[in-house]
Amino acid sequence: MKIILAAAFTILSIAPAFAELPNPYQPPQRRWATMPDGTPWGTSAGVEIGPKGEIWAIDRCAGTSCDGSSRAAVHIIDPKTGKASHSIGAKLFATPHGLHVDKDGNVWVTDAAISKDKKIGQQVIKLSPDGKILMRLGVAGVSGGGPTHFHDPGDVVTAPNGDIFVADGHGTVAPDLPPDTITRIIKFTPDGKFIKAWGSLGSGKSQFRNPHALAFDSQGRLFVADRVNGRIQIFDPDGKWLTEYHAFNHPSGLYIDRHDTLYASDYNSEGQKGIYIGSAKTGKLKYFVPDDQAGEGIVAGPDGTLYEGTPTGITRFLKKP
8 MKIILAAAFT ILSIAPAFAE LPNPYQPPQR RWATMPDGTP WGTSAGVEIG PKGEIWAIDR
68 CAGTSCDGSS RAAVHIIDPK TGKASHSIGA KLFATPHGLH VDKDGNVWVT DAAISKDKKI
128 GQQVIKLSPD GKILMRLGVA GVSGGGPTHF HDPGDVVTAP NGDIFVADGH GTVAPDLPPD
188 TITRIIKFTP DGKFIKAWGS LGSGKSQFRN PHALAFDSQG RLFVADRVNG RIQIFDPDGK
248 WLTEYHAFNH PSGLYIDRHD TLYASDYNSE GQKGIYIGSA KTGKLKYFVP DDQAGEGIVA
308 GPDGTLYEGT PTGITRFLKK P
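To convert, count from 1 in the sequence shown and add 7; that's this note's numbering.
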């Protein structure tokens, strides 16, 4: 009974702290993004900003999956109208999930499932801005471990030197998983050669339960959204554990801007869902933007506008005047 009461007190004491933080944004604009033909946007988990400030986002083919669809899965969104102005990635993904745009404008997508015909999925695919396939990591339609396979890759990011990092183990959510369940961070060379992997299932240092998003700060530190464990773990590029932040609740999406402002979307908070904004350097919160849409991907545009990938499409948050 004492343990239950203590846990309840902790949750109740944390929730008001979030509510007391200022919110510099206007109410959310739901289902903001649309296709040129008027088709509603489907489920989205990935939103990114390109080197020219362009907004890229995943659309799961106007539904919850791209399996069997001929629609494109990745789009540039006009920041004024919300319409998709350029689209790539048709017939390549079962469940496109993580999205990254590198410094050269190339587009990286993780596919966290397997198609019904077992021909696509469980890969990380690098595309040119016009949709040409530049690299494939993983074996199409096959889940596994080791240096050549993925087990539900959730996100991908490239380091300043071009090294590739993949968060592997999106499905590690259930509390009764076998201890040898694959959940890890994998590092590759810029040309896709395996370097190393680290991590295991659990809640200790360098352990994960649903590593969901990745980001680098200005110091070259790798941030990992350890969603189910309710923390952000921070590593050096060689996988050395440095520290962890707990103020951002259950982070699902991560974005760090050039000022080291850290944005984290909270998918499954015990308290109130929302977007947490704070310092990547210190882990201290500065703002809280309430949002009940269980957001996943998050990015801030050059003018501070927020774009969030949610189960019902893309949500936009404009700053208050």
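Backbone N, C-alpha and C define an ideal beta-carbon position, used for all residues, glycine too. These figures come from a predicted structure and were not determined experimentally.
Exercise. Can you give me the Cβ contacts of ALA15 inside the same chain, cut-off strictly under 6 Å, excluding the 5 residues immediately before and after it?
Key: The sequence position of residue 15 within the sequence shown is 8, counting from 1. Any reading at ALA15 must be qualified, since the residue scores a pLDDT of 41, below 50, and its modelled position is unreliable; the value itself is stated next. Cβ neighbours of ALA15 beyond the five flanking positions: none.
Quiz item: According to DSSP, is GLU61 helix, strand or coil?
Solution: Here residue 61 refers to the residue found at position 54 when the sequence shown is read from its first residue. Note: GLU61 maps to coil in three-state DSSP.
Self-check item: Selection from GLY316, TYR270 and GLY206 that minimises the alpha carbon distance to PHE215
Solution: Numbered from its first residue, the sequence shown carries residue 215 at position 208. Ranking GLY316, TYR270 and GLY206 by Cα distance to PHE215 puts GLY206 first.
Quiz prompt | Pairwise C-alpha distance: LYS59 and GLY161 | solution = Numbered from 1 along the sequence shown, position 154 holds the residue referred to as residue 161. Numbered from 1 along the sequence shown, position 52 holds the residue referred to as residue 59. If I take the Cα positions, the gap works out to 25 Å.
Practice problem: Leaving out five residues on either side along the sequence, give the residues of the same chain with a beta carbon under 6 Å from the beta carbon of GLY96. | Solution: Counted from its first residue, the sequence shown places residue 96 at position 89. These residues qualify, in order along the chain: ALA79, ALA80 and VAL81.
Exercise. Would you identify the three-state DSSP class for GLU27, choosing helix, strand or coil?
Key: Residue mapping note: residue 27 aligns to position 20 of the sequence shown, counting from 1. The DSSP-derived three-state label of GLU27 is helix.
Practice problem: Report the residue from LYS200, LYS126, TYR252 and LYS133 whose alpha carbon sits nearest the alpha carbon of GLY75. | Solution: Position 68 of the sequence shown holds residue 75. For GLY75, the nearest C-alpha among the options comes from LYS126.
Quiz prompt | ASP310 versus LYS327: straight-line alpha-carbon distance, rounded | solution = If you number the sequence shown from 1, residue 310 lands on position 303. If you number the sequence shown from 1, residue 327 lands on position 320. Roughly 12 Å separates the two Cα atoms.
Quiz item: Mind checking SER122: buried by the 16 CB within 10 Å criterion, or exposed?
Solution: Taking the first residue of the sequence shown as 1, we reach residue 122 at position 115. With 16 or more Cβ atoms within 10 Å of its Cβ, SER122 is classed as buried.
Quiz item: Does DSSP classify THR250 as helix, strand or coil?
Solution: Position 243 of the sequence shown holds residue 250. Correct three-state label for THR250: strand.
Exercise. Would you tell me roughly how many angstroms separate the C-alpha atoms of ILE305 and GLY260, rounded to the nearest one?
Key: By 1-based counting over the sequence shown, the position of residue 305 is 298. By 1-based counting over the sequence shown, the position of residue 260 is 253. If I take the Cα positions, the gap works out to 5 Å.
Practice problem: Please confirm whether GLY152 and ASN217 have their CB atoms less than 9 Å apart. | Solution: Counting from 1 along the sequence shown, the entry for residue 152 is found at position 145. Counting from 1 along the sequence shown, the entry for residue 217 is found at position 210. It is not a contact, given that the beta carbons lie outside the stated cut-off.
Self-check item: Which of helix, strand or coil DSSP assigns to LYS9
Solution: The residue labelled residue 9 in the question sits at position 2 within the sequence shown. Low confidence applies here, because LYS9 scores a pLDDT of 38, under 50, leaving its location unreliable; read the following figure in that light. LYS9 falls in the helix class under three-state DSSP.
Quiz item: What is the DSSP secondary structure of ALA14, counted as helix, strand or coil?
Solution: As a working mapping, residue 14 is identified with position 7 in the sequence shown. A caution first: ALA14 carries a pLDDT of 39, below 50, which makes its placement in the model unreliable, though a value can still be read off. ALA14: helix per DSSP, three-state reduction.
Quiz prompt | MET42 in three-state terms, based on DSSP | solution = For the purposes of this step, residue 42 is taken as the residue at position 35 of the sequence shown. MET42 falls in the coil class under three-state DSSP.
Quiz item: If you count every other CB in all the chains shown that lies within 10 Å of the CB of HIS253, and 16 or more means buried, which is it?
Solution: Residue mapping note: residue 253 aligns to position 246 of the sequence shown, counting from 1. Exposed: under 16 other Cβ atoms inside 10 Å.
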